[in-house]
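Only one structure is covered here, and it is reproduced in the block below.
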Amino acid sequence: MSDAAQPSAAEVRAAAEALKTALDRHLEAVERRSAEGVTAAEAARADAAVHAAFDELAAAGEAYDELLYDVYDEVTPFEVPGGDTMPTYTGPEEPAALTVLIRRDYTVVEPQRLMAQAQRVTELDPDSADTDTEALEGPFAGSGAHAALGVLFGEYEPDEIATRHKEFGLEEGDSTMWVIASEEPAEPGEWLSAPFESADAERVVCRFDVSAVFDEEDFYGGRADADPDDAEDVADAGEEAGDGDDEALEELEDPEEFDAETGADDAGLGDTTRRGRA
Numbered sequence: 003m004s005d006a007a008q009p010s011a012a013e014v015r016a017a018a019e020a021l022k023t024a025l026d027r028h029l030e031a032v033e034r035r036s037a038e039g040v041t042a043a044e045a046a047r048a049d050a051a052v053h054a055a056f057d058e059l060a061a062a063g064e065a066y067d068e069l070l071y072d073v074y075d076e077v078t079p080f081e082v083p084g085g086d087t088m089p090t091y092t093g094p095e096e097p098a099a100l101t102v103l104i105r106r107d108y109t110v111v112e113p114q115r116l117m118a119q120a121q122r123v124t125e126l127d128p129d130s131a132d133t134d135t136e137a138l139e140g141p142f143a144g145s146g147a148h149a150a151l152g153v154l155f156g157e158y159e160p161d162e163i164a165t166r167h168k169e170f171g172l173e174e175g176d177s178t179m180w181v182i183a184s185e186e187p188a189e190p191g192e193w194l195s196a197p198f199e200s201a202d203a204e205r206v207v208c209r210f211d212v213s214a215v216f217d218e219e220d221f222y223g224g225r226a227d228a229d230p231d232d233a234e235d236v237a238d239a240g241e242e243a244g245d246g247d248d249e250a251l252e253e254l255e256d257p258e259e260f261d262a263e264t265g266a267d268d269a270g271l272g273d274t275t276r277r278g279r280a
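Going by the working numbering, the sequence shown opens with residue 3, and the numbers climb by one from there.
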């Protein structure tokens, strides 16, 4: 790069002023959103303004950081994330209908447990299986797991699968829920052929994300001085307390432990997970 193309000290100063302006706008947007006595529509607009101001702040911070480095070989001591925020809300101020989209990821970590649970359901309610129950037995683990998933997700509500996933040989992955606003409700059967095409990010009223990327920060309380050894002690204590859970799962080997009508046992809720708003 030639000397003529190098950014100047004046450009760094201008970027710093732009960053200050973006900081003020972001704070003003946050203050307006926190005001009392606002209507739901005003709150939605204020929330969108905060997101827009945040994006502007992130862009201004990145521009200043790059110029500061190019001219003075220096960097800022802070980092403003950007690029992964939701776009500005452009949906109706007074929604007439809502669409709730939920995604939950699971890993099949214990196929035999998965198939055993499905087999118990079919033994108690033979009509719950659409296919031959022999698919749940024998060496054909792939087809057996496929059939077992159909049985379990056909028998239990998704929320119950989520709270009891360990019983079914599943491990939780990331999950998200989007609430999307619409001007009018859809006609019956209108979207069944393409149910997720309505996932317009600009119409998202609110969203909630659950991910393993949050776990470490939450576990240590977001403190940089937290001692990982303390976390290990807590984890060890949790494993000791969990020994009783293994005994409870062994008791489930008896199909009579399940409710004959619903196929459900008396197990409690699973692990609670942090919810974060994007």
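Backbone N, C-alpha and C fix where the C-beta goes; we use that ideal spot for every residue, glycine too.
Selected residue, minimal CA-CA separation from residue i, among the options
i                : options                        : result
leucine 29       : Ala48, Ala43, Glu38, Glu81     : Ala48
valine 52        : Tyr71, Ala24, Asp75, Leu70     : Ala24
tyrosine 91      : Phe216, Glu204, Cys208         : Glu204
proline 197      : Arg105, Ala65, Arg27           : Arg105
alanine 50       : Val32, Ala65, Gly156, Ala61    : Val32
glutamate 125    : Glu157, Glu95, Thr109          : Glu157
valine 111       : Thr78, Asp26, Glu174           : Glu174
aspartate 129    : Arg115, Leu154, Gly146, Pro113 : Leu154
alanine 60       : Tyr108, Gly191, Arg27          : Arg27
phenylalanine 80 : Gly63, Gly93, Glu186, Pro113   : Gly63
alanine 17       : Phe170, Trp193, Leu172, Glu58  : Glu58
glutamate 95     : Glu189, Glu185, Thr165, His167 : Glu185
alanine 43       : Ala65, Gly93, Arg15            : Gly93
proline 89       : Ala201, Ser213, Ala188         : Ala201
alanine 20       : Glu159, Leu69, Ala37           : Leu69
glycine 146      : Arg166, Glu189, Arg35, Arg115  : Arg115
threonine 165    : Tyr108, Gly191, Trp193         : Tyr108
valine 206       : Ala46, Ala65, Lys168, Ala37    : Ala46
valine 306       : Tyr66, Phe170, Ser177          : Outside the shown range of the chain, which is 3 to 280, sits residue 306, and nothing can be said about it.
alanine 65       : Ala54, Asp127, Thr78           : Thr78
Beta strand (DSSP E) segment containing residue i, residue limits
i           : result
alanine 183 : 172-184
As assigned by DSSP and simplified to three states, the class of residue i
i                 : result
phenylalanine 210 : strand
arginine 166      : coil
leucine 194       : coil
proline 187       : coil
glutamate 125     : helix
leucine 116       : helix
alanine 7         : helix
alanine 201       : coil
glutamate 159     : coil
N-terminal and C-terminal residue of the alpha helix (DSSP H) that residue i is part of
i           : result
valine 40   : Looking at the DSSP string, valine 40 is not in any alpha helix (DSSP H), and its letter there is neither H nor E.
arginine 35 : 11-35
Closer than 8 Å: residue i CB and nearest the ligand FAD heavy atom
i             : result
histidine 167 : As presented, the structure is devoid of all ligands, the ligand FAD included, so that no description of it is given.
Below-9 Å beta-carbon distance, residue i vs any chain B residue
i          : result
leucine 25 : No chain B appears in this structure, which consists of one protein chain only.
Ordered list of beta strand (DSSP E) runs contained in the segment 42-114, each at least 3 residues | 99-110
Counting pairs of beta carbons, one from the segment 90-107 and one from the segment 177-186, are three or more of them closer than 8 Å?
-> yes
Counting pairs of Cβ atoms below 8 Å between the segment 10-25 and the segment 64-73, do you hit three or more?
-> yes
Looking at C-beta atoms only, is the number of pairs between the segment 144-158 and the segment 113-124 that lie closer than 8 Å three or more?
-> yes
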